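*Asks:*
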Amino acid sequence: MEVVPARARAYVACAVLGALCCVLPLPETHTPWWAVALLAAVYAGCEQAAARWRFAGTFYPVLLAGAFLLPPPAAALVPLPGALLSRVEQRPYALRRIWRAAQLVLAVWAAGRVHWALGGRDAVVGSDFPYALAPAGAAVLVFCLVLTVLDGGILALAERVPVRRAWRGLFVRSLAPVAVHGLAGLMMAVLWRSPYGPVAALLVLLPMCVSWWVFAQYHRERAAHQATIRALVQAVDIKDGYTRGHSERVGQASMMIARELGMDDQRVEVLRFAGILHDVGKLGVPTRLLRKDGPLTPEERRVIELHPEYGHEMVRGIGFLGEARAAVLHHHERLDGSGYPYGLMGSQIPESARVVAVADAFDAMTSTRSYRRARPVAAALEELERCAGAQFDPRMVTALVRALGHQGWHPAVTADEERGRGREREQGEGQGLGHEREVPAPSAVGRSGVRR
């Protein structure tokens with residue numbers, strides 16, 4: 001965000017003041033400055049390598065080794081050069097660097113204090129295993145907890161994430177990787193204090209760098225998958241221009257429903273992909289049908305009803321989509337069995353498809369199109385609730401209502417108003433809510449003789 005709210009700036013200022021308080025005792029502390037400088041240089045180098053590899057992450061082993069080796073005020077200096085010189089993708093650059101530096105200073109200082117208080121320094125110097133693991137483990141927990149608290153606060157204040165969601169899952173997600181980094185940091189600290197010295201300690205970073213690079217490759221592969229998804233969605237938007245942006249918003253609404261249902265982050269992400277790709281099968285439908293003025297003939301409707309199967313064929317080879325593929329295929333099924341393509345009923349319809357069906361209908365009703373104006377959110381929700389149990393899963397409708405109560409909804413104009421102006425369609429009230437040129441009414445397609 002380029003415009004940072006005043007309360008978020010105040011939050012950052014408080015973090016900076018806290019960081020300054022952490023390093024104030026330095027004049028009274030016996031500080032091995034050469035060790036501080038070496039660790040700070042290594043950490044800064046790792047951060048620059050991360051920027052070159054375009055890996056989103058921080059190399060915590062060096063910071064935690066500093067917490068295990070140095071007095072807390074001295075350890076708090078280790079992240080400063082790397083954080084202040086790190087690459088930042090979004091504005092305001094300076095504020096983001098300062099925030100990251102303050103955050104890491106506070107986390108390293110807190111970890112160092114806990115480690116020092118539990119006698120961890122003596123255990124490291126004496127290579128006292130397994131006793132050295134206890135204070136190091138406590139320090140890692142505190143380090144992770146401080147980062148979690150600060151991250152959640154900035155999400156709530158700067159990104160306006162609801163407070164009840166800002167901290168949800170942050171600690172659990174970050175604990176495992178930070179614990180691995182903490183173990184590497186402890187190995188560095190023990191070797192540093194051994195007769196082999198700092199050179200041996202730095203060798204610990206080699207396998208960590210290799211694993212880090214492999215992880216970066218995984219992220220690049222995932223980014224490539226997401227680019228493929230964006231390309232598919234853009235192709236649909238170009239072909240069916242009056243619903244431009246619809247797929248992205250259905251993905252957002254699907255994600256809101258999934259989170260409200262308490263699904264884990266991985267499933268939430270898969271359902272976002274399901275919403276984004278739900279109409280990808282329109283690429284197999286003749287353009288003249290998608291852009292036709294006036295009502296469709298029964299035969300034309302049957303052709304358009306095939307788009308879920310076309311979409312499923314397109315995405316079934318993309319392994320990481322998981323249950324999103326089922327959502328693409330079944331998002332026009334209805335609980336009463338009158339949907340398509342297979343006429344599934346109730347729990348036979350995959351949960352992901354029931355989520356996307358509600359998100360799809362809601363966005364279509366609340367978006368302005370060239371042939372009609374958007375309905376108010378309240379009216380759209382009332383219509384969804386009216387059709388719950390027959391067309392939509394009541395759980396999904398209730399989850400969307402709750403999510404919108406927390407976050408609101410900001411529908412956008414998706415139509416190309418210069419093209420297709422004055423286009424009219426006949427839509428039955430409550431039938432196939434929001435499915436532009438898609439047929440919600442009972443159809444012969446998809447029963448016992450499924451057309452493929």
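If you read the sequence shown in the numbering used here, its first letter stands for residue 1, the second for the next number, and so on. Idealized CB from N, CA, C, for every residue including glycine. None of the values given here were measured: they were computed from a predicted structure.
Straight-line CA distance for Pro455 to Leu80?
*Replies:* Examination of residue 455 is not possible in this model, given that the chain is present from 1 through 452 alone.
*Asks:* On the criterion of 16 or more Cβ atoms from any shown chain inside 10 Å, does Pro440 qualify as buried, or is it exposed?
*Replies:* In the sequence shown, the residue the question calls residue 440 occupies position 440. Note that Pro440 has pLDDT 36, beneath the 50 cutoff, so the model's placement of it is unreliable and the number below is only indicative. By the 10 Å Cβ count, Pro440 comes out buried.
*Asks:* Buried or exposed for Cys14, going by 16 or more other Cβ atoms inside 10 Å?
*Replies:* As a first step, residue 14 is located in the sequence shown; it is residue number 14 there, counting from the start. By the 10 Å Cβ count, Cys14 comes out exposed.
*Asks:* In the stretch 283-338, which residue ranges form an unbroken alpha helix (DSSP H) of at least 4 residues, counting only runs that do not cross its ends?
*Replies:* 287-290, 298-304, 307-315, 324-330
*Asks:* Exposed or buried, what is Gln226 when buried is set at 16 or more other beta-carbons lying within 10 Å of its beta-carbon?
*Replies:* Here residue 226 is taken as the residue at index 226 of the sequence shown, counted from 1. Answer is exposed; the Cβ neighbour count stays below 16.
*Asks:* By Cβ distance, which residues of its chain are closer than 8 Å to Glu248, with the 5 residues on each side in sequence left out?
*Replies:* Against the sequence shown, residue 248 aligns to sequence position 248. Within the same chain, Glu248 has close Cβ partners Val233, Ile276.
*Asks:* For Phe392, count neighbouring C-beta atoms within 10 Å of its own C-beta (all shown protein chains included) and say buried if the count is 16 or more, exposed if not.
*Replies:* On the sequence shown, residue 392 is found 392 positions in, with the first residue counted as 1. The C-beta of Phe392 has 16 or more other C-beta atoms within 10 Å across all chains shown, which makes the residue buried.
*Asks:* On the criterion of 16 or more Cβ atoms from any shown chain inside 10 Å, does Tyr11 qualify as buried, or is it exposed?
*Replies:* Counting from one through the sequence shown, the residue named residue 11 turns up at place 11. When all chains shown are included, Tyr11 counts as buried.
*Asks:* Can you list, in chain order, the residues of its chain with a C-beta nearer than 8 Å to that of Leu321? Leave out the 5 residues immediately preceding and following it.
*Replies:* Looking up residue 321 in the sequence shown gives position 321. Here the set comprises Val270, Phe273, Ala274, Leu277, Val315.
*Asks:* Please tell me whether Ala374 and Thr366 are closer than 7 Å, where the distance is taken between their beta carbons.
*Replies:* Translated into positions along the sequence shown, residue 374 becomes position 374. Translated into positions along the sequence shown, residue 366 becomes position 366. Result yes, Cβ atoms of Ala374 and Thr366 sit closer than 7 Å.
*Asks:* Is it a yes or a no for the stretch 258-268 touching the stretch 278-289, going by three-plus beta-carbon pairs under 8 Å?
*Replies:* no
*Asks:* Output the distance between the C-alpha atoms of Ile238 and Arg259, rounded to the nearest integer angstrom.
*Replies:* Position 238 of the sequence shown, counting from 1, holds the residue named residue 238. Position 259 of the sequence shown, counting from 1, holds the residue named residue 259. Going by the C-alpha atoms only, they are around 30 Å apart.
*Asks:* What's the call for Trp34, buried or exposed, on a 16-neighbour Cβ count within 10 Å?
*Replies:* In the sequence shown, counting from the first residue as 1, residue 34 sits at position 34. Trp34 comes out exposed.
*Asks:* State buried or exposed for Phe143, treating a residue as buried only when at least 16 other CB atoms are found within 10 Å of its CB.
*Replies:* If you number the sequence shown from 1, residue 143 lands on position 143. Flag for Phe143 reads buried.
*Asks:* Does the beta-carbon distance from Val105 to Ala44 come in below 7 Å?
*Replies:* As a position in the sequence shown, residue 105 is number 105, starting the count at 1. As a position in the sequence shown, residue 44 is number 44, starting the count at 1. No.
*Asks:* Out of curiosity, what's the CA-to-CA distance linking Ala253 and Arg301?
*Replies:* Within the sequence shown, residue 253 is the residue found at index 253, counting from 1. Within the sequence shown, residue 301 is the residue found at index 301, counting from 1. Near 27 Å, if we compare the C-alpha coordinates of Arg301 and Ala253.
*Asks:* Between Val114, Val214, Glu159, Val3, which lies nearest to Leu145 when the distance is taken from Cα to Cα?
*Replies:* Looking up residue 145 in the sequence shown gives position 145. Looking at the Cα atoms, Val114 is the closest of the given residues.
*Asks:* I need the boundaries of the alpha helix (DSSP H) containing Pro177, first residue and last residue.
*Replies:* Here residue 177 refers to the residue found at position 177 when the sequence shown is read from its first residue. Looking at the DSSP string, the run of the alpha helix (DSSP H) that includes Pro177 is 170-193.
*Asks:* Given Lys282, which residues of its chain have a CB within under 7 Å of its CB, disregarding the five upstream and five downstream residues?
*Replies:* As a first step, residue 282 is located in the sequence shown; it is residue number 282 there, counting from the start. These residues qualify, in order along the chain: Val236, Lys239, Asp240, Leu290, His307.
*Asks:* Could you tell me the alpha carbon to alpha carbon distance between Gly422 and Glu333, rounded to whole angstroms?
*Replies:* Working through the sequence shown from its first residue, we reach residue 422 at position 422. Working through the sequence shown from its first residue, we reach residue 333 at position 333. The pLDDT assigned to Gly422 is 36, lower than 50, so where the model puts this residue is not dependable, and the model offers no usable value.
*Asks:* Can you tell me whether Tyr196 is buried or exposed? The criterion is at least 16 other CB atoms within 10 Å of its CB, across all chains shown.
*Replies:* Here residue 196 refers to the residue found at position 196 when the sequence shown is read from its first residue. Note on Tyr196: under 16 other CB atoms within 10 angstroms of its CB, so exposed under the neighbour-count rule.
*Asks:* Could you check whether Val108 and Ala76 sit closer than 7 Å to each other, using their CB atoms as the reference points?
*Replies:* Along the sequence shown, read from residue 1 onward, the residue named residue 76 stands at position 76. Along the sequence shown, read from residue 1 onward, the residue named residue 108 stands at position 108. Against a cut-off of 7 Å, the Cβ pair of Val108 and Ala76 comes out as a contact.
*Asks:* Note the first and the last residue of the continuous alpha helix (DSSP H) segment covering Trp99.
*Replies:* Residue 99 sits at position 99 when you count from the first residue of the sequence shown. Start and end: 93-117.
*Asks:* Our contact map puts Ala189 next to Leu69 with C-beta atoms below 8 Å; I'd like the distance itself, whole angstroms only.
*Replies:* Counting from 1 along the sequence shown, the entry for residue 189 is found at position 189. Counting from 1 along the sequence shown, the entry for residue 69 is found at position 69. Indeed they touch by this definition, with Cβ atoms about 5 Å apart.
*Asks:* Hey, how far is the Cα of Glu351 from the Cα of Val178?
*Replies:* On the sequence shown, position 351 is the one that residue 351 refers to. On the sequence shown, position 178 is the one that residue 178 refers to. Looking at the two C-alpha atoms, the distance is approximately 34 Å.
*Asks:* By a C-beta neighbour count over all protein chains shown, 10 Å radius and 16 as the cutoff for buried, is Asp363 buried or exposed?
*Replies:* Stepping through the sequence shown from its first residue, residue 363 is reached at position 363. Result: buried.
*Asks:* I'd like the span of the alpha helix (DSSP H) that includes Arg160, first residue to last.
*Replies:* By 1-based counting over the sequence shown, the position of residue 160 is 160. Premise fails: Arg160 is in no alpha helix (DSSP H) and is neither H nor E.
*Asks:* Go through its chain and collect everything with a Cβ distance to Val356's Cβ below 7 Å, but skip five positions before and after it.
*Replies:* For the purposes of this step, residue 356 is taken as the residue at position 356 of the sequence shown. For Val356, where only same-chain residues beyond five positions count, the Cβ hits under 7 Å are Val250, Ser254, Ala274, Gly275, His278, Ala327, His331.
*Asks:* Give me the Cβ distance between Gly185 and Leu64, rounded to the nearest whole Å; I'm assuming they're in contact under 8 Å.
*Replies:* Indexing the sequence shown from 1 puts residue 185 at position 185. Indexing the sequence shown from 1 puts residue 64 at position 64. Indeed, because the Cβ distance is near 3 Å, the residues count as touching under 8 Å.
*Asks:* Give every residue of the same chain whose Cβ lies closer than 8 Å to the Cβ of Cys22, excluding the five residues on either side of it in the sequence, and list them in chain order.
*Replies:* Against the sequence shown, residue 22 aligns to sequence position 22. Within the same chain, Cys22 has close Cβ partners Pro72, Pro73, Ala76, Val105, Leu106, Trp109.
*Asks:* I need the boundaries of the alpha helix (DSSP H) containing Asp122, first residue and last residue.
*Replies:* Start at 1 with the first residue of the sequence shown, and residue 122 comes out as number 122. Note, Asp122: alpha helix (DSSP H), 120-125.
*Asks:* Counting C-beta neighbours from all protein chains within 10 Å, is the total for Leu329 16 or more, i.e. buried, or is it exposed?
*Replies:* By one-based count along the sequence shown, residue 329 stands at place 329. Flag for Leu329 reads buried.
*Asks:* Would you call His30 buried or exposed, if buried means 16 or more other Cβ atoms sit within 10 Å of its Cβ?
*Replies:* On the sequence shown, position 30 is the one that residue 30 refers to. By the neighbour-count rule (16 or more Cβ atoms within 10 Å), His30 is not buried but exposed.
*Asks:* What would DSSP say about Ala132, mapped onto helix, strand or coil?
*Replies:* Along the sequence shown, one-based indexing puts residue 132 at 132. Here Ala132 sits in coil by DSSP.
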